Amino acid sequence: MDILHVVHGYFPALGGSERLMQRISESLVAQYSDRVTVYTANGYNAEAFIDHSQPLLPPGEFELNGVHVRRFAVFNRLGKP
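Oh and the sequence shown: position 35 is 375 in the numbering used here, straight run, nothing missing.
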């Protein structure tokens, strides 16, 4: 089965939901041989969406433990520059 997860953050970004989504995605690959793709932002933490000084991860595509990850640049931050 092909599965697409669209989430605000994914490992190695910090946070509980990021870690949970990683575990779910990797479990689907390992246990059921599903093809899992994750679309996510490149913020290292949730604050990256509102604070321009927060660190970012590089945008792009990579494979992590059988999960295809596509990381997009955060471009619509809610905070003031």
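The beta carbon of each residue, even a glycine, is placed where N, CA and C say it ideally should be. This one's a predicted model, so the numbers in the text were calculated from it and none came from an experiment.
Per-residue burial, residue i [other beta carbons within 10 Å of its own, 16 or more giving buried]
i, result
"F402", "exposed"
"F412", "exposed"
"Q371", "exposed"
"S365", "buried"
Euclidean distance between Cα positions of residue i and residue j
i, j, result
"V369", "V376", "7 angstroms"
"Y384", "S367", "23 angstroms"
"F415", "P352", "19 angstroms"
"S373", "T380", "22 angstroms"
"P398", "D342", "25 angstroms"
Integer Cβ distance of residue i from residue j, believed to fall under 8 angstroms
i, j, result
"V378", "H348", "Not a contact, Cβ separation roughly 11 angstroms."
"G356", "A386", "Contact doesn't hold; Cβ gap of about 10 angstroms is too wide."
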